[in-house]
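To keep things clear, I will list the structure first and then write my remarks on it.
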Amino acid sequence: MSSPWTKYPVNKSVGRNVDGTPTTPRQTLNYSSFLDSSMTGRSQGRSSVAGKLLEETPYHRVETFGLTIPVQIREALALKNKSSVLQYTNVKLHESGWAWLVSGRKLYVWRFIPSPGSKSLYCKELLLPPTNLYHSANLVTILPSTWGADINNPGSAAIMMVSPEGVVRYWPSLAHDSNSIEVNTELSGHPCHSLTPFQPCGCVLMTTTNELMLLMPSQKSIMIHPLKVSGGVFSILGRRVSSLIFGSQQAAEQTTTVHKVLVSDFTRDNSRMLYVLSSNQLAKWEIQLTSSNTIQEKLVYQCDCEAMFTKAASQGLHVSLETIDQLTVWCLDVCNTGEGIDILAAVALKGQVKTSLFYMFGTLDNNLSEAPQSLGSVNIIQFAEEYSPSHEDQLLSYKMLLPQHSSNAYIYSAQSIICVPAYRTDDIVNKIDFNSPGDGILGAGVMKDKALFFSRKHGILSVTVTEDALRQQTDLSFSRSRIQEPQASQSIVPDVSFSQDFTDGDSTTDQLTQFKAAFLQFCQQNINDAQNICDQLFTPDSSGLDSAVAALSEELINDYPASDPRWAESIPAGSVSTSSSLIILHQLEDKLKAHGFLVNFLKGVGLWDRLKTFKVRDQSFPTWCLLCEHAEKLNAAIALCRCHKMYQKIVDMVISVVVKKRGSTAPYKGLTDQDLFFREVSFIADIFEGFLEYEEEILKTPSTHGTHVETIAGINTLMQEMLQEAWSYRQENSSLYQVIPNEGDQNPELIFWTGTSGPSGMRNILLNQIQITVERGINGTEDQKMRSMLYQHLVSLADILLDGYVVQLESLRHDASKQDRYDEVNQKYEQDRRTAILPLVQLHQYSQATSLAEKYQDFGILIELCEARDDKDSLQYYSTQFKDQGFPDYLFKWYMDKGDRHKLMNQPAPQHENLGKFLSSHHHLSWLHDIHTKSFHKAYETLKNLADNEQTFLTRKKTLLSLSKLALQAADDVDINQDVTDQIEIINNEHDIILQQEALPMEVLHNINMTADTMNPLSPTDLIQLYVGDKNPHSNEFDFKKALDLLRHAENSGCDDIESLKRYIWCRAILKDDWLALKDIDPLSSARHTVFFKTVELAYSQGLSLQEFMPAMESLLESEDLKNAGLLDNPNFRYLLKAGYEQIERTTQDDTEMVV
C-alpha cells in the first residue's frame, strides 16, 4: 500500500535489532520535493507557518515547517553541474528563526519563520572570501548587532563568518550588507573547525588543532582574544597521546578529531561555561567577563570520556573484564540538558563473527569543578549497526539534537534520523531514512521544543514523537521500574539471613545480637518491629550505638558464604550471611548490596544522624566514614577479583603470601587461599604490602624478556584498579554517607584507609611503588608503549596518594586547636607531593606533571616548569588563578631564593600590587619596586630608613643615602607641608660624616683593624675619639680641626654633653706638646707652634667661630687630663694659656666691631 504523498510504496516489514527486539518500519521519505516543477516559481509571497503533514506512523510524525523556501535556496540546491559544490553544501537552523546555507563562496541567510510585522519572505545573499578549501555553515553564525538588540529584525542582526584559513568577515547589520569588517586570525595553516556564539562577548572560533580564540566584534573592529591555558594541559588534545589516566592503548594510535564546541546554558558570576569535545577528551572552560570588560579564561578540568564510556558500556552490554579491551569508543557529539550536558558516543564491541556498533548517551553534571570519573547516567540506544572500517566515516557521522523541555532526543546523520527517549531505554527503534536519490540531511537545529531538519529535497522538516509512542515509553518505563524496584511487601535483600533465629528484643540476648535482629526485621520489611527494637536498644541517653554499628558493618563485609558447604562448620552462631552464591565475585557484590541496605536501615530507624565516632587505627574516626570505608574495601575487593584472570599469577602468589602472614588456616582442606582472603574484606589493604614484597622478590631475580617491567606494570594496574574503585565509590556516594553534625561536635581528623601513614601505611607503599616504577620500570625498558603505560600509572598513583592528604588536611584546616597537627601533616604533604610529581618532570612528561601540580597546587614545580619553557603567560595565569592560595608570594620568594632579582623586579603590571605587599617586609628590595612604579617618595623613605639602620658597611650606607636623595628629588607627590630642603640637608650632613670617616688616616684604620672597604659606619663621637685619641699618635692641627667639625654632627645625632666633648678635643690638643720645654726667651712665640694654637689659627682661618667651638678657659683649667699631666700647677703654662685666650678674645672682638 502506498502513502498518498509518496511515489513509492512504504516498506511495512518489521525488522530486528541486533539483540532481537522489534524495530519500527524504516520509513524512506520519497514524497514530492519542493524542487518539483510545481514549486519552482519565483514568487516571494508569504507562506503560512503551519506545516504540511508528510508522514505519520504510530511512532513519529514528519511535517514541513516554516515559510516557503526562498527561490535562491532552491536554485542553489538545483545545480546539476557542480556536484563538488553540492557535496559541501550545508545548512544551519537557528533557534531565532534564521537559517543559512553555504554553497561554494555564496552564503544565503533567510527567515524560515516570519519576523514581527513582516509580510514577505526575507533572504539575503552574501559573498564569502576566497578559499582553497570549502566554506562551511559551521563557520557562520548570527548575532545581535548590539547586546540586547532584537535579532529577529534584519537591521539588528549581524553575521559573522570565518573561512577555513581563518579570514574573519563580519557584517554589523544584515540589512546593510555592503558594510563589512574583515580581519585575519593568522592561523599559520591550521584550518578552522567551527564558530560558536558566545554572548555577550562574541563568538568562539575553534581550529582543527584545538586552538581556541574569542572573536569580539564591534561596529568598526574585531578583537581577537586567544584562550590559553597553562603549560600543556589542554595541548594534550592536539597530539597523538594516551588518556591522562584511564585511556586505552588504542587511544595512542588515534588522531585528534574535533567534534563540538558547546556553550553551556549555565551561567554564574558574569561567567559562562564552555565545553570542547575533541576525540574522546572533554575540556570544560570557564570564561569570565570582568568589571573592566576584560576576558579571563580558566580551564576547569579535562576528562577522559573514553574511560567513562568503556566502564558504562562494559556494565550495560555485560562485557567481562577479560574482553573489555575489545571495546572501542568514539565520542560523537555533546548537547546541553536541563541539569548538565549529554554526550553521544558510539561503542564497537568485537565479537567472534562480527563487530557490533552501539550508540549511547552519557550525562555529566554542569556543576562539577573537578574531572568526573564516571557518567551520571547512561542510556544505551536499542539500535546497532555492523561495524566495518570501510564505512566508519558514515557510521560515526551521527549528531544529536535535544530540544528544550522534550523527553526525546534525535540522533541524525546525512541519511537517517533516530528518535529515542532522552533519559531511558526504549526497546523500539523509531528510525526515519532519507535514502531516495538526491536526498539527505544538510543541517539541523532546534526551536523551543521542536527538532528541525533541513532535507535537500523537502526543505525544513519538523519531526516529533507521537502521543502513542510517548505513552508506550512511559508504560514501558513504569513496567521496568516495577520489575527492577522491589515492592514494599518484598524483601529488598532476600539473601540476608542469620545462622540462628532471634526473638524481637529478647532481653537475654546482648546488644549486638538484638541489633542484628532489628536489621533482619528491616530486611524483611517489618519496619515497625525493627524500629521498636532500636528504640529500646538505643535511647537518647544510651551508649554503644557506634560500636554496634561498626561491629555489624564489619561482620557484613567479613561474613561467611552460608551456601558453601566447605564453610559449614566454620560459620559462627548468630553470624550474618548476605549471599547465597558460591562464586567469590558474586559474594562480594552481594555483600556490597547488603552493606548499602545497612545504611538505609540506619536512616530508616532514625539512627543515622546519631552516629558519632569510633576508634579506628588508634584514633577517633567518624562512624559514617568507617561505613563508607567498608563499602570502599568491598569495591576494591571486587576490582581485584575482576582483575584476577588477567594477572592470575601475581594475584595468586600475593594472596598466598598474605594469607600465610595472617596465620589463616583453612577449616576445610578444600578451601583455597582465595576463599580465605576474599572472605575477610576488612583486611583487604594487606595485599598492597604483599604486592611490594612480591615485586621485590621478582626484581631480585634475573630479568628475562622484560619480566621485571611487566611485573611492575601488572602491580601498578592492580593497585590502580583497586584504589580508583574505592576512590570513585567515595566520590559518587558522598551524599549518601553525609551526616548532619550536631552543634558543638568537633571535626575529627579524617584518614581513610587509602591514606594511612607509617612504614606499612598506604602512603609509604605508594611512594615506594612510584620509585620502583621510575627506577626499575621506565628506566628499564625502551618500549614506548610500555613507557607510556607506566607514565599513566605514575600519574594515577600520585593522584591517589595526594588526594588522601587533601582530605586529611581539609578536616584539620578549620580547627584552631589542631594547628600544630595541620602544620605537621602539611609539611609531610608538601614533601611527598614533590616526591610524587618530580619524576614526571625529570622524565619530560610536562603535561601530566603540570596537571598534577595544578590540581594539588605544587607551586614550586609549576614555577620550575614555566621557567624551563620561559612561559611568562602561564606564570601570570597562575598568579591570578591561585592568588588566594598565595602563588604570587611563593613566586616572588622563589625568585629571591634563586637570587634572580631581575625577574623579581620585572613583574607585569597586574602583579605590581602583589609584589608591593610582598616586598613590604623586604625593604632592601621594596625601594626598587617603588622606583619601578614611580613611587619615588616611598622609595626615599625606604632608602633613608635602610641607610639609618646600616651598621655593617660604610660604602653601602653612602650609596643608600645617595639613592634616597635622588629619589626625594624625583618625587612629585611630596606633601606641600614637608620641607624638602630640610630633608636634603639632613642627607647632606650624613654624607659629611661619611666623608670625615673616609678621611681617617691609614694609621688609624690599621690600629683599629679596619680597611677603607670593609669598615662599618661610625658615629661622630667615635670619629672624634679616633681623630684626636691614642689611635692617632701622629695627629696634627688638621685632625683636630676635623674633630671640631664633627662636633656639630655629634650634637645633631643626639650627643648629650657637647661641652665635655669640646673640652676633650682641646685638652688632647694641649697634650700633644711639651709645654714645660718651651723656650723662656720668647715663650709666646714658641707657643704659637704648638698643636693647640695651630688648631686655633686653622679654625679661625677657615671661618670657625672660636667663641662657639672653644671651651671657657676655666673649663680647661679644671680638666683632670691636664691636672694629671702636671700642667695646671705650672705658672708658665697658665701664663701662656691665659695669654693665648686674651689674644683670641681680642681678635674675635675686633672682628665683631668690624662687622658692626
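First residue of the sequence shown: 1, per UniProt numbering; consecutive thereafter.
Where is the CB? At the ideal position from N, CA and C, for every residue including glycine.
{"Query": "Once the 5 residues before and after N635 are set aside, which same chain residues still bring their CB inside 6 Å of it?", "Result": "E725, A726, Y729"}
{"Query": "Assess, as a yes-or-no matter, whether the region 575-583 is touched by the region 714-724 under the definition of 3 or more beta carbon pairs within less than 8 Å.", "Result": "no"}
{"Query": "Rounded to the nearest angstrom, what separates S314 and W110 at their Cα positions?", "Result": "46 Å"}
{"Query": "Can you list the beta strand (DSSP E) stretches of 3 or more residues lying completely in the region 170-194, in chain order?", "Result": "181-184"}
{"Query": "Buried or exposed for Q394, please, with buried defined as at least 16 other CB atoms from any protein chain shown within 10 angstroms of its CB.", "Result": "exposed"}
{"Query": "With V275 as the anchor, note down where its beta strand (DSSP E) starts and where it stops.", "Result": "Rather than Val, the amino acid found at residue 275 in this sequence is Tyr. That run of the beta strand (DSSP E) goes 271-278."}
{"Query": "Taking C-beta to C-beta, are V806 and Q848 nearer than 9 Å?", "Result": "no"}
{"Query": "In the DSSP output, what is T328 paired with across the bridge?", "Result": "A348"}
{"Query": "With 16 as the cutoff for other CB atoms within 10 Å, does G41 come out buried or exposed?", "Result": "Only weak support is given to the placement of G41: the predicted model assigns it a pLDDT of 36, under 50, and the value that follows is read from those uncertain coordinates. Classification of G41: exposed, given that the 10 Å Cβ count is below 16."}
{"Query": "Would you kindly check if the distance between the Cβ of L143 and the Cβ of M161 is under 9 Å?", "Result": "no"}
{"Query": "Helix, strand or coil for I295, going by three-state DSSP, please let me know.", "Result": "strand"}
{"Query": "Judging by CA-CA distance, which residue of H644, R776, E782 is the nearest neighbour of M722?", "Result": "H644"}
{"Query": "Rounded to whole angstroms, what is the Cα-Cα separation between K785 and H135?", "Result": "39 Å"}
{"Query": "At what residues does the beta strand (DSSP E) containing T111 begin and finish?", "Result": "The question names Thr, but residue 111 in the sequence shown is Arg. Here the beta strand (DSSP E) through R111 covers 106-111."}
{"Query": "Would you call the CB atoms of N375 and A451 closer than 9 Å?", "Result": "The sequence shown places Leu at residue 375, rather than the Asn named in the question. Their beta carbons are not under 9 Å apart, which means L375 does not touch A451 by this criterion."}
{"Query": "Who pairs with residue 1157 in a beta bridge, going by DSSP?", "Result": "Look at the range of the chain in this structure, 1 to 1156, and you will see that residue 1157 is not part of it."}
{"Query": "Under 8 Å: do the region 610-618 and the region 536-549 share three or more Cβ pairs, one atom per stretch?", "Result": "yes"}
{"Query": "For I245, count neighbouring C-beta atoms within 10 Å of its own C-beta (all shown protein chains included) and say buried if the count is 16 or more, exposed if not.", "Result": "In this predicted model, I245 has a pLDDT of only 30, less than 50, meaning its place in the structure is not dependable enough to derive any value."}
{"Query": "For a test of the three-state rule: what should DSSP assign to W727, helix, strand or coil?", "Result": "helix"}
{"Query": "Would you decide whether A1077 is buried or exposed? Buried here means 16 or more other CB atoms lie within 10 Å of its CB.", "Result": "exposed"}
{"Query": "Can you tell me where the alpha helix (DSSP H) holding K965 begins and where it ends?", "Result": "954-970"}
{"Query": "Leaving aside the five residues before and after T1024 along the sequence, list all residues of the same chain whose C-beta is less than 8 Å from its C-beta, in chain order.", "Result": "In the sequence on display, residue 1024 carries Ile and not Thr. Counting only Cβ-Cβ distances below 8 Å, and skipping sequence neighbours, we find A1043, L1046, L1047, A1050, L1061, Y1064, I1065."}
{"Query": "Taking the straight line between their C-alpha atoms, what separation do you get for K1123 and N1007?", "Result": "28 Å"}
{"Query": "So what's G66 in DSSP terms, helix, strand or just coil?", "Result": "coil"}
{"Query": "Indicate whether residue 1164 and T355 have their beta-carbon atoms separated by less than 9 Å.", "Result": "What the structure shows of the chain is the stretch from 1 to 1156, and residue 1164 is not part of that stretch, so it cannot be assessed."}
{"Query": "What residue range does the alpha helix (DSSP H) around D652 cover?", "Result": "648-662"}
{"Query": "Does the beta-carbon of T701, which I'm using as the reference point, lie nearer than 8 Å to any heavy atom of the ligand NAP?", "Result": "Ligands displayed in this structure: none; no statement on the ligand NAP is therefore possible."}
{"Query": "What is the DSSP secondary structure of P888, counted as helix, strand or coil?", "Result": "helix"}
{"Query": "Assuming the contact rule is C-beta atoms closer than 8 Å, Q983 and L968 should be a hit. Round their C-beta distance to whole Å, please.", "Result": "6 Å"}
{"Query": "So, at 7 Å on beta carbons, what are the nonlocal neighbours of S416 in its own chain, with the 5 sequence-adjacent residues on each side left out?", "Result": "K431, I432, D433, F434"}
{"Query": "Which term fits D304, buried or exposed, when burial requires 16 or more other beta carbons within 10 angstroms of its beta carbon?", "Result": "buried"}
{"Query": "Inspect the beta-carbon positions of L838 and I861 and report whether they are closer than 9 Å.", "Result": "yes"}
{"Query": "Got a sec? Which residues, its chain only, sit under 8 Å from L1116 by beta carbon, not counting five neighbours each side?", "Result": "R1063, W1066, C1067, I1070, L1122, L1137"}
{"Query": "Do you know whose CA, among Q1107, S163, Y846, V446, lies nearest residue 1157's CA?", "Result": "No answer is possible for residue 1157: the residues shown for the chain start at 1 and end at 1156."}
{"Query": "For I341, count the other beta carbons within 10 Å of its own beta carbon; 16 or more makes it buried, fewer makes it exposed. Which is it?", "Result": "buried"}
{"Query": "Given this structure, state the Cα-to-Cα distance separating L960 from T290, to the nearest angstrom.", "Result": "42 Å"}
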